[in-house]
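K.L.:
Dumping the structure here so I can ask a few things about it.
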Amino acid sequence: MIRVVVTGVGAVSAAGLGIESVRTVLYEGRTCLAATGDVRDRLPIPGYGVCTVDVVPCLRRKKDRKLLSRAAELAIVAASLALGDRRDSEMGLVVGVGREPSDSGEVEAALLASERNGALDVGLLGSAGLALYPPLTPLRTLPNLVLAHVAIQFGMTGESGTRTGEEAAGLASIVEGYRLVSEGRVGAVLAGGADSLVDAGSARDGVRLGRLGPGRAPGEGAAFVVLESLESARRAGRVVLAEIVGAGDQATAAVSDLTHLVACIGSCGAATGPLAFAEALSRDGRLQVAEADGAVAWLAWTAGEVVL
Amino acid sequence: MSAVVLGEAMWTALGRTEDTWRRLLRRETGIRRIRRFDASTFPVTFGAEIGDVGLDGPALYYYLLDAVCDEAFGTLDFGAVPAERIGVFFGSEAVRPDLGELARRWQSREAPRLEELERHHPAGPAVAVAKRLGAKGPVVTLSIACTSSAQAVGEALWAIRRGEVDVAVAGGVDVLVHPLMVLGFSRLGALSVRNDEPDRASRPFDRDRDGFVLGDGAGVVVLASPKVAGRLGRSLGKITGYASSCNAWRITDTPPDGRGTRTAMEEALRDAGCSPSRLAYINAHGTSTQQNDASEAAGMRAALGDLAMKVPVSSTKSLMGHTVAACGVIEALLALRTVRDGIAPPTANLEQVDPECALFHVVEPLTVDKGVALSNAAGFGGSNTTIVVEAP
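Sequence lines, in order, name chains A and B.
For the first sequence, the numbering used here gives the first residue as 1, with consecutive numbering after it.
For the second sequence, the numbering used here gives the first residue as 309, with consecutive numbering after it.
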C-alpha cells in the first residue's frame with residue numbers, strides 16, 4: 001500500500017480565505033454569521049455565514065464566470081489556494097457536493113407563465129415557458145459541474161468523481177482521494193467539497209430536513225487538500241502537512257460534534273467535513289462526520305513531518 | 309482481481325431485461341411520440357419512455373428501482389453475508405420532480421414536504437436500496453452526469469478488490485422523458501429534432517445525426533468477490549477493469565482528438581490486465597450528437613490503433629435513447645450479454661457512416677467471440693468512464 005500524505009490545503013468560508021482564518025475565529029470564539037437585509041422567508045435561523053470571494057482572478061477566462069454556480073465559484077477559489085502554482089495534468093479530482101435546492105428560482109418564470117386556471121398547463125410550458133427557461137440552468141445545476149469547472153480551470157485530466165450525500169460527501173471525497181493514491185490509481189489528487197446553503201431555497205429545505213435551525217445557520221464554503229504519495233512528495237521536496245493513516249466509509253458510525261465550527265461559520269453542507277479536516281490537520285486526530293441517512297466517512301491522520 | 313456478476317436487471321423503453329435484449333437484436337425501437345404528457349408544443353415531441361406503468365415523477369423513479377432490484381436480487385441469499393460486508397453504489401442525478409406538485413407549490417408558496425426532499429435527493433436511490441437490504445457497508449452516490457452508474461459499477465469493483473465488502477450492489481436509474489428535461493436539453497441544443505420520424509432520430513455515428521434522444525431507464529448489477537460468489541449463486545460474468553478520466557476541455561464540448569475516451573479505455577484495459585487484441589466487442593457511448601460521436605470514435609481509434617477497424621462497435625442508444633445516469637450500468641450489462649451470448653446488437657439508423665466516426669460498426673446483429681468487451685460512457689462536464697467485462 002502506498003503511503004499517502006497531504007501537501008496542500010485550501011479553504012474558503014465565511015471566516016475568509018485560507019484555513020488560518022477558520023482557525024482564528026474558532027479559537028477566538030467569534031461568529032462570522034450575519035443577518036441579511038432579506039428576511040428570507042422568516043426562517044428560524046440565527047443568520048447566514050456568507051463568503052466574500054472574488055473568483056475572477058482564479059479563472060482562465062473572465063467570461064467563464066457566467067457558467068458557475070455559487071458552489072463552483074467557491075470550489076475554484078479553494079482549489080486555487082490548495083494548488084498554489086502547482087499544475088499537474090494527470091492529477092485526479094474528487095469533489096463532494098450538496099443538494100440542489102428543490103426550487104432555485106431558475107425555472108419559476110417558466111412555470112408561472114404556464115399557469116392556466118390555477119393549474120400548470122404543460123402545453124403552455126412547451127411554448128410560453130420555453131423562452132423563459134434559462135438555457136444555462138442545466139449547466140449550473142448538474143452535480144458534477146463543480147468538478148468539471150475545477151478540472152477545466154486547472155487542467156486536471158486524471159481519474160475524477162463527484163460524491164453527493166449532504167455533510168458526509170466532502171469527507172467521503174477525501175477518503176476516495178486517499179484510495180486513489182494509496183491504490184496507485186493516480187499519483188496525486190485534489191479532493192474536498194464545496195457547497196452553499198445561503199440561498200432561500202436551500203435554507204428553507206435545510207430547516208425542513210432538520211439540518212438547519214436555531215444554533216445551526218446556513219453557511220457556505222469549500223475546502224480541498226492535495227494528496228500524493230510520500231515518495232513523490234519527498235522527491236519534489238514538498239512540505240508534508242500530515243500523513244493519512246486510515247480512511248473509510250460505512251453506513252453506521254458515531255457522529256462527530258462539529259458544533260463549534262458550525263457556530264462560527266454556519267453549516268456548509270458538503271464543505272463542512274473538508275473544512276473541519278483542513279482546520280484540524282495540524283493536530284493528530286480522527287474525525288467522523290455523518291450524513292442524514294447515517295452514511296459516514298472518516299479519516300485518521302498523523303500531523304507534521306513523516307517518520308519513515 | 310475481478311468481481312463476479314451474480315445478478316443483473318434492467319428496464320428500458322424496450323422493456324424488461326430479456327425484452328430489451330430480444331428487441332435490440334430485432335432492431336425494434338423504443339423511441340416514439342411522448343405519451344406521458346402533452347409534448348405537442350415542445351421543440352421535441354418524442355422520447356424513449358417507459359410507458360404503461362401509470363406513474364410519473366418520483367413515484368415512477370422508485371417503482372423502476374424496486375422492479376430492477378426485485379429481478380436482479382432474485383433468489384440471492386443476502387442474509388448469508390454480514391450486513392457490514394454489503395455495499396451499495398448508485399449513480400444518480402437529482403430525482404426529477406412531479407411537475408404538477410412543483411407548480412402547485414410555487415403558487416401556494418408552500419414548502420416541500422420532508423419526504424419529498426428526501427426522495428428527490430441524488431442519494432435517495434442508494435439509501436433506498438441499502439435500507440431494503442439492511443446493508444451497513446459503504447452507501448455511495450456518484451453524480452457524474454452520463455457516467456454516473458458506470459462509475460458506480462467501477463467503484464463497486466474497487467470496494468470488492470480492496471476487501472472492503474464481499475457483495476456490492478451497483479446501479480443507476482433515471483427518468484428523462486420529463487417536461488423540464490425536454491425543455492432544458494432543448495435549450496442546450498443537444499436533442500434530435502426529427503419530430504416527423506422519431507424511430508430514425510437516434511443515429512449514432514451517422515453522417516446525418518442531429519442530437520440525442522431522452523430515455524428512461526434503470527439497471528442494477530449484484531457483484532461479489534470470487535471467494536464469496538461461489539457460495540451465493542451462478543456467475544453471469546465478471547467485471548474485470550475500470551477507469552475514468554476528465555477532459556478538462558469545455559463544459560459541453562469534447563476534444564476532437566478524443567483524448568479523454570482514449571485515456572479511460574487504455575487505463576481500464578491496463579487495470580483489467582487485458583490486451584486490446586482480446587476485445588470481442590465495444591458498447592459505445594454513441595449518443596448521436598455531432599461532437600460526442602466524432603470525439604469518441606477518435607478516442608477509440610487512438611486507444612485501439614490497428615485494431616480499431618477490427619473490433620465490433622455498436623451504440624444501443626440508437627434504439628433505447630439516452631438514459632443519462634442509468635446508461636452506464638445498462639450498457640455495461642448489454643456488453644456483458646453480448647460476449648456471454650456471442651452476438652452483438654446493432655447500431656440502428658447508421659446509414660452513412662460519418663468519415664470522422666470510422667470504426668468497425670455493427671449495423672446488423674453480428675456473431676462475436678465469447679470473451680471480453682468494453683463499455684464506454686461520457687458525460688457533460690467532460691467525464692469519461694470505461695468498464696471491462698468478461699463472459700463466464
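No residue lacks a Cβ here, since even glycine has one placed at the ideal position from N, Cα and C.
All figures in this text were calculated on a predicted structure; none of them were measured in a lab.
Excluding five sequence neighbours on each side, which residues of the same chain lie with their C-beta closer than 6 Å to the C-beta of residue 404 of chain B?
P.N.:
483 and 486.
K.L.:
Taking the C-alpha atoms as reference points, what is the distance between residue 328 of chain B and residue 525 of chain B?
P.N.:
Taking the straight line joining both Cα atoms gives about 11 Å.
K.L.:
Taking the C-alpha atoms as reference points, what is the distance between residue 171 of chain A and residue 192 of chain A?
P.N.:
Rounded to whole angstroms, residue 171 of chain A to residue 192 of chain A spans 7 Å at the Cα level.
K.L.:
Return no unless some Cβ of chain A is closer than 8 Å to the Cβ of residue 448 of chain B.
P.N.:
Yes, its Cβ sits closer than 8 Å to a Cβ of chain A.
K.L.:
Kindly say whether residue 122 of chain A, judged by its beta-carbon, lies nearer than 8 Å to any beta-carbon of chain B.
P.N.:
So, interface residue.
K.L.:
Under 8 Å between the Cβ atoms of residue 317 of chain B and residue 528 of chain B?
P.N.:
Yes, these two residues count as a Cβ contact at 8 Å.
K.L.:
What are the complete beta strand (DSSP E) segments, minimum 3 residues, inside the region 152-213 of chain A?
P.N.:
DSSP runs (the beta strand (DSSP E)) wholly in the region 152-213 of chain A: 160-164 and 188-196.
K.L.:
Is the shortest distance between the beta-carbon of residue 635 of chain B and the beta-carbons of chain A less than 8 Å?
P.N.:
Answer no: the Cβ-Cβ gap between residue 635 of chain B and chain A never drops below 8 Å.
K.L.:
Between the region 202-224 of chain A and chain B, which residues of the former have a C-beta closer than 9 Å to a C-beta of the latter?
P.N.:
Listed in sequence order: 204, 205, 207, 208, 209 and 210.
K.L.:
Could you give the residue range of the beta strand (DSSP E) that holds residue 398 of chain B?
P.N.:
Here the beta strand (DSSP E) through residue 398 of chain B covers 394-399.
K.L.:
To which residues of the same chain is residue 44 of chain A closer than 8 Å at the C-beta, ignoring the five residues directly before and after it?
P.N.:
Only 207, 213 and 214 meet the Cβ criterion.
K.L.:
May I ask you to list, following chain order, the residues of the region 323-353 of chain B that have a beta carbon less than 8 Å from some beta carbon of chain A?
P.N.:
Under the 8 Å Cβ criterion, the region 323-353 of chain B contributes 345, 346, 347, 348, 349, 350 and 351.
K.L.:
With 16 as the cutoff for other CB atoms within 10 Å, does residue 348 of chain B come out buried or exposed?
P.N.:
Result: exposed.
K.L.:
Cβ of residue 390 of chain B less than 8 Å from any chain A Cβ?
P.N.:
Residue 390 of chain B does not count as touching chain A.
K.L.:
Using 8 Å as the threshold, is the C-beta distance between residue 572 of chain B and residue 552 of chain B below it?
P.N.:
A contact, by the Cβ cut-off of 8 Å.
K.L.:
Would you please state the rounded distance, in angstroms, between the beta carbons of residue 275 of chain A and residue 223 of chain A? I believe it to be under 8 Å.
P.N.:
The pair is a contact, with the Cβ atoms about 4 Å apart (cut-off 8 Å).
K.L.:
Of the choices B/695, B/594 and B/466, whose alpha-carbon is the least far from that of residue 582 of chain B?
P.N.:
For residue 582 of chain B, the nearest C-alpha among the options comes from B/695.
K.L.:
So with CB distances below 7 Å, who are the chain B contacts of residue 160 of chain A?
P.N.:
Within chain B, the residues near residue 160 of chain A are 552, 554 and 691.
K.L.:
Is residue 601 of chain B closer than 8 Å to residue 561 of chain B when the C-beta atoms are compared?
P.N.:
No, the pair does not count as a contact, with Cβ atoms beyond the cut-off.
K.L.:
Provide the residue span of the alpha helix (DSSP H) that contains residue 605 of chain B, from first to last.
P.N.:
598-612 is the extent of the alpha helix (DSSP H) around residue 605 of chain B.
K.L.:
Between residue 39 of chain A and residue 501 of chain B, what straight-line distance do the alpha-carbon atoms span, to the nearest angstrom?
P.N.:
Annotation note: pLDDT 46 at residue 39 of chain A (below 50); position unreliable, no value reported.
K.L.:
Pick helix, strand or coil for residue 482 of chain B, following the three-state DSSP scheme.
P.N.:
If DSSP states are grouped into helix, strand and coil, residue 482 of chain B belongs with the strands.
K.L.:
Distance check for residue 80 of chain A and residue 122 of chain A, CA to CA, integer angstroms please.
P.N.:
Straight-line Cα distance between these residues: approximately 44 Å.
K.L.:
For residue 106 of chain A and residue 636 of chain B, I'd like the C-alpha separation in whole angstroms.
P.N.:
Taking the straight line joining both Cα atoms gives about 29 Å.
K.L.:
Would you call the CB atoms of residue 273 of chain A and residue 168 of chain A closer than 8 Å?
P.N.:
Yes, the pair counts as a contact, with Cβ atoms nearer than the cut-off.
K.L.:
Jot down the residue ranges of each uninterrupted alpha helix (DSSP H) in the region 530-592 of chain B, minimum 4 residues, whole runs only, in chain order.
P.N.:
Counting only runs of 4 or more, we get 534-540 and 567-580.
K.L.:
For the region 463-494 of chain B, which residues have a beta carbon sitting closer than 9 Å to at least one beta carbon of chain A?
P.N.:
Hits within the stretch, in order: 463, 466, 469, 470, 472, 487, 488, 489, 490, 491, 492, 493 and 494.
K.L.:
Looking at the secondary structure, which residues open and close the alpha helix (DSSP H) in which residue 366 of chain B lies?
P.N.:
365-381 is the span of the alpha helix (DSSP H), which, as asked, contains residue 366 of chain B.
K.L.:
At a cut of 8 Å, does the region 391-398 of chain B reach the region 643-661 of chain B through at least three beta carbon pairs?
P.N.:
These segments do not touch.
K.L.:
Can you list, in chain order, the residues of its chain whose CB lies under 8 Å from that of residue 279 of chain A, leaving out five sequence neighbours each side?
P.N.:
Closer than 8 Å at the Cβ level, and outside the excluded window around residue 279 of chain A, lie 11, 19, 22, 23, 26 and 261.
K.L.:
Quick one: give me the first and last residue of the alpha helix (DSSP H) that residue 489 of chain B is part of.
P.N.:
Run containing residue 489 of chain B: 487-495, per the alpha helix (DSSP H) assignment.
K.L.:
Quick check: is the beta carbon of residue 257 of chain A nearer than 8 Å to any beta carbon in chain B?
P.N.:
Because residue 257 of chain A sits at a pLDDT of 46, beneath the cut-off of 50, its placement in the model cannot be relied upon, and the point is left open.
K.L.:
Residues of chain B with CB closer than 8 Å to the CB of residue 272 of chain A, please, in chain order.
P.N.:
Within chain B, no residue comes near residue 272 of chain A; the closest Cβ sits about 16 Å away, beyond 8 Å.
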